[in-house]
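What follows is a single structure, written as structure tokens, with notes after it.
Protein chains: 2
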Amino acid sequence: MSRSYAIIGTGALGGYYGARLHHAGCDVHFLLHSDYDHVRQHGLICESKDGDFSILKPNAYRNANDMPRCDVVCVCLKTTQNHLLPKVIPPVIKDTGVVLVMQNGLGVEDEIAGIVGPERVMGCLCFICSYKLGPGHIQHTDYGLIALGEFATRGVSDRMRAIGDDFKHAGIPVQFAEDLRVVRWQKLVWNIPYNGLTTILQTDTAALMSDPHTRQFVERIMWEVVADARTCGVPVGDEIVDRMLRSTEGKLSYRPSMKIDFDEHRRMEVETMFGNPLRAAQAAGAISPFVEALYNQLKFLDARI
Amino acid sequence: MSRSYAIIGTGALGGYYGARLHHAGCDVHFLLHSDYDHVRQHGLICESKDGDFSILKPNAYRNANDMPRCDVVCVCLKTTQNHLLPKVIPPVIKDTGVVLVMQNGLGVEDEIAGIVGPERVMGCLCFICSYKLGPGHIQHTDYGLIALGEFATRGVSDRMRAIGDDFKHAGIPVQFAEDLRVVRWQKLVWNIPYNGLTTILQTDTAALMSDPHTRQFVERIMWEVVADARTCGVPVGDEIVDRMLRSTEGKLSYRPSMKIDFDEHRRMEVETMFGNPLRAAQAAGAISPFVEALYNQLKFLDARI
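Quick note, the sequences are listed as chains A and B, same order.
Under the working numbering, the residues of the first sequence are numbered 6 to 310, in order.
Under the working numbering, the residues of the second sequence are numbered 6 to 310, in order.
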């Protein structure tokens, strides 16, 4: 019996993965807000580097209370909208269901554990470049891999493998994380310097990597985040820094998600991407001055959006 | 016998102080570059909060070799032009003369000591708000106090008092510093956070002080600079932080000099205001991560001007 999926937030992320799952035969239900009318009329369209695809008549909803209860609830909102989750998640999740937290940053699983209980929470990191070109219109330009990790336990669970199989059948590369905290912090090693500096300095990753001062500052920030993770008891290895630098160096100009939010005058995910890691590190005894500097500058910019 | 003054760089700073000294009866000679023709024709005009004044026919020069040798050579260039000094200073200074370093930042006296010898160097900190509205046209909006300090010795020298008297007669408040290093670092306590953050965040001092995150970040940076000074063996007292915060809080919107340079697409004084203090602090064993963060971000912005 195929699993049902609720997509909470049908944007660049939720729209892409939800439409892929739909085409792989999953029963997928999309929650929309401002784009609802447009998507009811014109469907969901995804221009992907791997070939375009669309859903003419998606199961679209304006209100979570109208949705069927699902096996997997994919949280794909910007974290700046997470105050909505206590009302949105309970009506759409089956008693045996699981919430898949597909958002950036740290601490979101803890928030959602407070709503549905920790055993019903799973983390899902999305390594993807996708944009919303317009209502129901997504552009997928690169990557797509997800990494799944249980929130309340370590190791690879049966339900992780089952959900992972659905994504694999949908053509999405899947990794299973033994320890969700490790992959969350590893992603922060990339997200903190690149999202922070491209937004503050109004630039892109290629420009940061070609200037000697920002190039080495990016690396200094990465080492600070690695040290913060370890201070928090999360064993992140040294090799991640070189891997993250190499994966960005030599790439074409790229605007991270926070820079896109800033450019489009949307509130930025400063608290989950910077504030939560900073507070976690400081609570564990780290100083973390570079993250503190970026956090304070971004809070200033965010307050003026 | 009245002292003669050479003003090296007749902009917002040199034009203001030079014209004041001229009106007090000193023999003042102005070196100009791009504004030379205009000033020869139209003179120097200063709109001051204390009353406007001007010099119709200033002693203006395009080339240092044409100037008479003077008792006091006031270096008023932007520090980004300091590569010119080895050619400009020697022909205008008397054997018994002194170079007054009226620039911002750290380390400039050392550079000039390499040209004329340390015993002919005096530091002069300028606490003034003035802008160049156009060629030979200066607006003086606030303050004006100078602090004089010997470079090679401690204590208040006779020549310091004599030069200070000239400035006092010109209506300029004068302080005598027993230890030039203390006043240099004290000024950095203000300059580093405000010049850095207004430039990086594209804002002014009032906005920084009214946002809670930048307000406390400014203070955190100030304490780091105080600690850096002490690590360098310079006894800067705690009270400076409160004094600098209070002098800025409640003031109207103010654009520090680096922000003005950035806005007007001029190269910024990043090395003397950030790079030299950072390297001095690190050489003495300090870590100074906030200054490092600001320095790297400013170097990126400066390279793109």
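Here a beta-carbon is modelled for each residue, glycine too, at the ideal position from N, C-alpha and C.
Inter-residue Cα distance where the pair is residue i and residue j
i, j, result
"M227/B", "I197/B", "8 Å"
"A69/B", "L36/B", "7 Å"
"W4/A", "G154/B", "What is shown of chain A runs 6 to 310, which leaves residue 4/A out entirely."
"P123/A", "V80/A", "15 Å"
"P95/B", "G201/A", "47 Å"
"I60/B", "I50/B", "7 Å"
"V33/A", "R74/A", "11 Å"
"S258/B", "H270/B", "21 Å"
"L193/A", "A232/A", "12 Å"
"Q180/A", "F172/A", "10 Å"
"P63/B", "G19/B", "13 Å"
"D147/B", "V113/B", "25 Å"
"C134/A", "S53/A", "10 Å"
"R67/A", "L82/A", "14 Å"
"G255/A", "K264/A", "20 Å"
"R309/B", "R220/B", "28 Å"
"T84/B", "G23/B", "18 Å"
"H145/B", "Y136/B", "7 Å"
"G238/A", "H88/A", "29 Å"
"R8/A", "I168/A", "8 Å"
"A286/A", "A118/B", "46 Å"
"S39/B", "Q46/B", "13 Å"
"Q302/B", "L299/A", "11 Å"
"V188/A", "A289/A", "19 Å"
"F160/A", "R260/B", "What sits at residue 160/A in the sequence shown is Gly, not Phe. Answer to the nearest angstrom: the Cα atoms are 55 Å apart."
"G56/A", "E297/A", "42 Å"
"A29/A", "D216/A", "44 Å"
"H218/B", "K304/A", "7 Å"
"D115/B", "D163/B", "22 Å"
"H27/A", "E274/B", "57 Å"
"T15/B", "S262/A", "47 Å"
"G139/B", "G48/B", "12 Å"
"H43/B", "Q86/B", "21 Å"
"D170/A", "A182/A", "14 Å"
C-beta atoms of residue i and residue j nearer than 8 Å
i, j, result
"Y10/B", "V77/B", "yes"
"N109/A", "T253/A", "no"
"P282/B", "L105/B", "no"
"L391/A", "E224/A", "Absent from the model: residue 391/A. The displayed extent of chain A is 6 to 310, so no value can be given."
"C131/A", "M107/A", "yes"
"P294/B", "P91/A", "no"
"T208/A", "A291/A", "no"
"A152/A", "R25/A", "no"
"G149/B", "I177/B", "yes"
"L279/B", "L306/B", "A small correction: the amino acid at residue 279/B is Phe; Leu does not occupy that position in the sequence shown. Against a cut-off of 8 Å, the Cβ pair of L306/B and F279/B comes out as no contact."
"W190/A", "A157/A", "no"
"Y41/A", "A65/A", "yes"
"T203/B", "T210/B", "yes"
"V126/B", "I98/B", "no"
"L185/A", "G128/A", "yes"
"I13/A", "V93/A", "yes"
Where residue i sits in the DSSP three-state scheme
i, result
"A69/B", "helix"
"Y259/A", "coil"
"A289/B", "coil"
"Y193/B", "At residue 193/B the sequence reads Leu, which differs from the Tyr that was named. Residue state, collapsed to three classes: helix."
"Q144/B", "strand"
"L153/B", "strand"
"I226/A", "helix"
"V231/B", "helix"
"A182/B", "coil"
"I177/B", "coil"
"I310/A", "coil"
"S7/B", "coil"
Chain C within 8 Å of residue i, Cβ atoms only
i, result
"D115/B", "Among the protein chains in the structure shown, which are A and B, there is no chain C."
(request) Mind checking the segment 206-238 of chain B against chain A and listing, in chain order, the residues whose C-beta falls within less than 7 Å of any C-beta there? (result) L206, D216, H218, T219, F222
(request) Give, in chain order, every residue of the segment 60-76 of chain A whose Cβ lies closer than 7 Å to some Cβ of chain B. (result) none
(request) Report the residues of the segment 292-308 of chain B with a CB closer than 7 Å to any CB of chain A, ordered along the chain. (result) P294, F295, A298, N301, Q302, K304, F305, L306, A308
(message) As an exercise, report each continuous beta strand (DSSP E) stretch of at least 3 residues that is fully enclosed by the segment 15-81 of chain A, in chain order.
(response) 32-36, 49-53, 58-60, 64-66, 75-80
(message) Runs of 4 residues minimum, wholly inside the segment 84-138 of chain B: which ones carry the alpha helix (DSSP H) assignment?
(response) 90-93, 113-121
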